[in-house]
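J.: For the protein sequence lines, the chains are U and L, in the order given. Here the working numbering = 1-based position in the first sequence + 81. Here the working numbering = 1-based position in the second sequence + 81.
2 protein chains.
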Amino acid sequence: MQKILATKSAIPAAAFGEIDRPRFASIRPKTNPVFGGFAAFRSRACASLKALACGAMIAALAGISTGVSAQFAKPEDAVKYRKNALFVMQQHFGRLAAMAQGKAPYDAKLAADNALIVANMAGLPWAGFVEGTDKGDTKAKPEIWKDKENFRQLSEKFVVEVGKLKTASATGKLDDLKAAVNATAGACKACHDEYRAK
Amino acid sequence: MQKILATKSAIPAAAFGEIDRPRFASIRPKTNPVFGGFAAFRSRACASLKALACGAMIAALAGISTGVSAQFAKPEDAVKYRKNALFVMQQHFGRLAAMAQGKAPYDAKLAADNALIVANMAGLPWAGFVEGTDKGDTKAKPEIWKDKENFRQLSEKFVVEVGKLKTASATGKLDDLKAAVNATAGACKACHDEYRAK
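1) In whole angstroms, give me the CA-to-CA distance for residue 98/U and residue 209/U.
2) Using a cut-off of 9 Å between C-beta atoms, extract the partners of residue 158/L located in chain U.
3) What does residue 247/L reach in chain U if we use C-beta pairs closer than 8 Å?
4) Out of 157/U, 277/U, 260/U and 160/U, which has the shortest C-alpha to C-alpha gap to residue 243/U?
5) Using a C-beta to C-beta distance shorter than 7 Å, which residues of chain L count as neighbours of residue 263/U?
6) From which residue to which residue does the alpha helix (DSSP H) around residue 211/U run?
7) DSSP state of residue 185/U, grouped into three classes?
8) Measuring only the C-alpha atoms, how far is residue 248/U from residue 237/U?
9) Buried or exposed: where does residue 200/U fall if 16 or more other Cβ atoms within 10 Å of its Cβ makes it buried?
10) Show which residues of chain L have a CB atom less than 8 Å away from the CB atom of residue 165/U.
11) Can residue 276/L and residue 222/L be called in contact, C-beta distance under 8 Å?
12) Excluding sequence positions up to five away, which residues of its chain have a Cβ less than 6 Å from the Cβ of residue 251/U?
13) Could you work out which residue in 253/L, 272/L and 271/L is closest to residue 177/L when comparing CA atoms only?
14) Can you check DSSP and say which residues form a bridge with residue 193/U?
15) When the distance is taken between beta carbons, is residue 265/U closer than 8 Å to residue 235/U?
16) Can you give the Cα-Cα distance for residue 278/U and residue 272/U, rounded to whole angstroms?
17) How many angstroms separate the CA atom of residue 185/U from the CA atom of residue 168/L?
18) For residue 269/L, which residues from the same chain have a beta carbon less than 7 Å from its beta carbon, with the 5 sequence-adjacent residues on both sides left out?
19) Taking a contact to mean a Cβ-Cβ separation below 8 Å, would you say residue 160/L touches residue 217/L in this structure?
20) Can you confirm whether residue 161/L, when its beta carbon is compared against all beta carbons of chain U, has any partner nearer than 8 Å?
21) Ordered along the chain, which non-local residues of its own chain (more than five positions away) have a Cβ less than 6 Å from that of residue 173/L?
22) Scan the segment 181-210 of chain L for residues whose Cβ lies nearer than 8 Å to a Cβ of chain U and list them as they occur along the chain.
23) Give me the Cα-Cα distance between residue 224/L and residue 211/L, rounded to the nearest whole angstrom.
24) Should residue 152/U be flagged as near chain L, meaning a C-beta pair shorter than 8 Å?
25) If you run the structure through DSSP and keep just helix, strand and coil, what is residue 278/U?
26) For residue 221/L, list the residues DSSP reports as bridge partners.
27) Nearest to residue 207/U by alpha carbon, out of 180/U, 233/U and 157/U?
28) Under 7 Å Cβ to Cβ from residue 163/L, same chain only, skipping five residues before and after it: list those, please.
29) In terms of residues, what are the limits of the alpha helix (DSSP H) holding residue 245/U?
30) Going by the CB atoms, is the gap between residue 181/L and residue 258/L shorter than 8 Å?
31) Using a Cβ cut-off of 7 Å, pull out every chain U residue sitting near residue 176/L, in sequence order please.
32) Is the beta carbon of residue 165/U less than 8 Å from the beta carbon of residue 165/L?
33) Determine the direct distance from the alpha carbon of residue 227/U to that of residue 188/U, and round the result to whole angstroms.
34) May I have the straight-line CA-CA distance separating residue 220/L from residue 157/L, to the nearest angstrom?
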């Protein structure tokens, strides 16, 4: 993973979020580089992570495609979308964390089911970080749009760690789950520390 | 589908939502029949729907498992969870509907990607309909918990239609997409008409 973080992204610059009504044309990002072509991301990420089941990761990342999540009727919808997707994911990740921390009994099937949901959704929230949506009901810091490349790398790192979490949850070994939960939580924290207001 | 709707459910009664803190024990459903064992649902639904790719449907329905989505720290989290999951789905379904209605250009890849996301999430919201959560920031009518079997059937119908939507979106034919979008929208409406306050 360090390789991905340290390497200059090969993802072509492209809109990662877009407002589709003319009245919001002023905040429509023309060349927002935070997320680019999904095919390029898939190719790079899968080449770097042979241990990951790329097919599953591809499904998880469907939302990263420029087009998939690229249309919001208004800026508030983009904010709501990313917050809602993150909340749903957090609920399922929280169940894995509870098992990893011994706060809930370890149940391998339950862990795998929850990790699958997290993996299926890991690519979604990022499309909601549309340029200009650092206002309103959000804790997103304006730095997200100043440090686009770093933000993109941190969210990619999260998606990759969630892919590993899914793999780890399928082994049926609590120690594997613990390690992957820790790594995923670290990826969450890295982004929150820099880009989420207290 | 009529068969499923007309047939008495074979799903064993079981909690479909659960609050995991003792202080909410009073609203913990002991034998909530709205959603039951996922294996039984899978077996029945897949037997009835040979045209559907059951594997994909199984993934989509992971959230229906009694255990997967069965823990919320507090009732408000259950309400927020179901609303958030529904909003994210609605955003992606809205993009399919726009194509079907000619409000957005038809893009087969985009349609398939959005349908996949809807399919991956279709099973999630229902775990949030925890007994006693007809209060607070919700439009959910109390009838949901009076008519549990009917509500369960309507949500199953929705999940099945979304499975067909995913299949239809993969054909690359706009007419297939239109038909499946209409059927899915009908499944949404059927539940909203009965169980969502205006």
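Every residue, glycine too, gets a C-beta built ideally from N, C-alpha and C.
T.: Considering the structure as presented:
1) In this prediction, residue 98/U scores a pLDDT of 37, lower than 50, which makes its location untrustworthy; the coordinate-derived value is nonetheless stated afterwards. Each residue's alpha carbon lies about 6 Å from the other.
2) Per Cβ cutoff of 9 Å: 168 and 172.
3) From the beta-carbon of residue 247/L, no residue of chain U is found nearer than 8 Å; the closest lies around 11 Å away.
4) For the residues 157/U, 277/U, 260/U and 160/U, the minimum Cα distance to residue 243/U belongs to 260/U.
5) Neighbours of residue 263/U on chain L: none; closest Cβ ~21 Å, over 7 Å.
6) Run containing residue 211/U: none; DSSP gives neither H nor E here.
7) Looking at residue 185/U - three-state DSSP - the assignment turns out to be coil, as it is neither helix nor strand.
8) If you take the alpha carbons of residue 248/U and residue 237/U, they lie about 17 Å apart.
9) It is buried - the Cβ of residue 200/U has at least 16 other Cβ atoms within 10 Å.
10) Here the neighbours are 164, 165, 166, 168 and 169.
11) Yes. Within cutoff.
12) In its chain, beyond the 5 residues on either side, 193 have a beta carbon closer than 6 Å to the beta carbon of residue 251/U.
13) Check the Cα spacing between residue 177/L and each of 253/L, 272/L and 271/L: the tightest is with 253/L.
14) The partner list for residue 193/U (beta bridge, DSSP) is empty, contrary to what the question assumes.
15) In terms of Cβ geometry, residue 235/U and residue 265/U do not form a close pair [threshold 8 Å].
16) The alpha-carbon atoms of residue 278/U and residue 272/U are separated by roughly 11 Å.
17) Near 29 Å, if we compare the C-alpha coordinates of residue 168/L and residue 185/U.
18) Counting only Cβ-Cβ distances below 7 Å, and skipping sequence neighbours, we find 239.
19) Going by C-beta atoms, residue 160/L is nearer than 8 Å to residue 217/L.
20) Residue 161/L counts as touching chain U.
21) Result list for residue 173/L: 195, 198 and 199, in chain order.
22) When CB distances to chain U are screened at a threshold of 8 Å, the residues of the segment 181-210 of chain L falling below it are 185, 188, 190, 191, 194, 195, 197, 198, 201, 202 and 205, in chain order.
23) Cα-Cα distance, rounded: 13 Å.
24) True, the Cβ-Cβ gap to chain L drops below 8 Å.
25) Three-state DSSP puts residue 278/U in coil, outside helix and strand.
26) Per DSSP, the beta bridge partners of residue 221/L are 277/L.
27) If we check each option's Cα against that of residue 207/U, 233/U comes out closest.
28) Take residue 163/L, set aside five residues on each side of it, and the residues of its chain with a beta-carbon closer than 7 Å to its own are 206, 209 and 210, in chain order.
29) Per DSSP, residue 245/U is one residue of the alpha helix (DSSP H) stretching across 229-250.
30) For the 8 Å CB-CB criterion, residue 258/L and residue 181/L form a contact.
31) Going along chain U in sequence order, the residues near residue 176/L (Cβ under 7 Å) are 152.
32) When the beta-carbon positions are compared, residue 165/U and residue 165/L come within less than 8 Å of each other.
33) Distance between the alpha carbons of residue 188/U and residue 227/U is about 42 Å.
34) Each residue's Cα considered, the two are about 13 Å apart.
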